[in-house]
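To keep things clear, I will list the structure first and then write my remarks on it.
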Amino acid sequence: MAVPKRKTSRSNTRSRRSQWKTSAPNLVTCARCNEKKLSHTACPTCGTYAKRRVLDV
Amino acid sequence: MPTPTKGPRLGGGPAHERLMLANLATALFEHGRITTTEAKAKRLRPLAERLITFAKRGDLHARRRVLTVVRDKSVVHTLFTEIGPNYAGRHGGYTRITKIGPRKGDNAPMAVIELVEPLAEQVVAEATGAAKRAAKEQAAAPKVEAVEVEQATPVEDASGVEETVVVEAVAEESGEGSSDAEGTKE
Chain A
15 MAVPKRKTSR SNTRSRRSQW KTSAPNLVTC ARCNEKKLSH TACPTCGTYA
65 KRRVLDV
Chain B
678 MPTPTKGPRL GGGPAHERLM LANLATALFE HGRITTTEAK AKRLRPLAER
728 LITFAKRGDL HARRRVLTVV RDKSVVHTLF TEIGPNYAGR HGGYTRITKI
778 GPRKGDNAPM AVIELVEPLA EQVVAEATGA AKRAAKEQAA APKVEAVEVE
828 QATPVEDASG VEETVVVEAV AEESGEGSSD AEGTKE
């Protein structure tokens, strides 16, 4: 079975992990309660989407 | 080659996927709205709408074909007697999917899939909404117009005066600036 010949150096490990990045969620302001919410998603604060009640809050 | 199924595959195999979709459809027709993951909701929508089309057809053959998916006879009865006739005036689009954000625990994107209101109720709701909006506009419109008419003439005069003043000021400034520039050059 093929196995690594060398231990992966700390430098290589860290350069590989330098590409692990997070991205900020796309937040918009709810038209009804002016709270931040995900776009194209029901507002978790007031429970509505497109003036329609979706969630029981 | 058969066309691949649209959307993600669910479960551990074809039989598991069929069972899960059948259970989701049964729950949807039983409760009217269910909360599930986005992927399952998106896979459920075409199946549920096909079953409702069978319910609208309403004959024995259609009922037997629905019973091969939804095993619960009482649910199939409500589907054929209540849900199907509700959508007589609607050609497809019987369900609505609304995203409700990620789930705590595994961060899975969740959605609510529900049977849309019958067309009659929706028309009534739209009509009442339109009437309310019209009433609001009528209440707000005369005041706004009156204010505009009152303000119209004085504002124009004032702005005209201001503009001339500003133009003169700019001319003076530019003249001074140019003279200054000339002074520095010398």
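Quick mapping for you: the protein sequence lines, in order, are chains A and B. If you count the first sequence from 1, position 57 lands on 71 in my numbering, and the numbers rise without skipping. If you count the second sequence from 1, position 133 lands on 810 in my numbering, and the numbers rise without skipping. Ideal Cβ placement from N, Cα and C applies to all residues, glycine included. This one's a predicted model, so the numbers in the text were calculated from it and none came from an experiment.
Between Thr712 of chain B and Val789 of chain B, the C-beta gap is smaller than 8 Å, which places the two residues in contact. Between Leu52 of chain A and Gly778 of chain B, the C-beta gap is smaller than 8 Å, which places the two residues in contact.
Only residues of its own chain outside the window of five on either side were considered, and among them Leu52 have a CB closer than 8 Å to the CB of Pro39 of chain A, listed in chain order.
For Lys776 of chain B, the enclosing beta strand (DSSP E) covers residues 772-779.
From the listed residues B:Leu696, B:Gln815, B:Ala725, B:Pro691, the smallest Cα separation to Leu756 of chain B is found for B:Ala725. Contact residues of the region 776-791 of chain B toward chain A are Lys776, Ile777, Gly778, Val789 (C-beta to C-beta distance below 7 Å). At least one C-beta of chain B is nearer than 8 Å to the C-beta of Ala56 of chain A. Residue state for Glu794 of chain B is assigned as coil, using DSSP reduced to three classes. Your pair Thr62 of chain A and Val68 of chain A checks out as a contact, with CB atoms roughly 6 Å apart and the cut at 8 Å. If you ignore the 5 residues before and after Gly806 of chain B, its C-beta comes within less than 6 Å of no other C-beta in its own chain. Under the three-state reduction of DSSP output, Pro786 of chain B falls in the strand class. Val793 of chain B and Thr775 of chain B do not touch by the CB rule: their CB atoms are close to 11 Å apart, not below 8 Å.
The DSSP-derived three-state label of Lys809 of chain B is helix. Arg710 of chain B and Lys65 of chain A have their C-alpha atoms some 18 Å from each other. Closest by C-alpha distance to Arg686 of chain B, out of B:Pro679, B:Met678, B:Met697, is B:Met697.
In this chain, the beta strand (DSSP E) harbouring Leu52 of chain A covers 50-52.
Rounded to whole angstroms, Ala732 of chain B and His693 of chain B show a C-alpha spacing of 25 Å.
Fewer than three pairs of CB atoms, one per stretch, sit closer than 8 Å, so the region 16-35 of chain A makes no contact with the region 736-756 of chain B. Nearest C-alpha to Lys683 of chain B among B:Arg810, B:Thr714, B:Lys719, B:Ala811: B:Lys719.
Taken atom to atom, the span from the alpha-carbon of Lys21 of chain A to that of His708 of chain B is near 57 Å. Just measuring C-alpha positions, the residue of B:Pro723, B:Gly690, B:Arg734, B:Pro691 sitting nearest Leu705 of chain B is B:Pro723.
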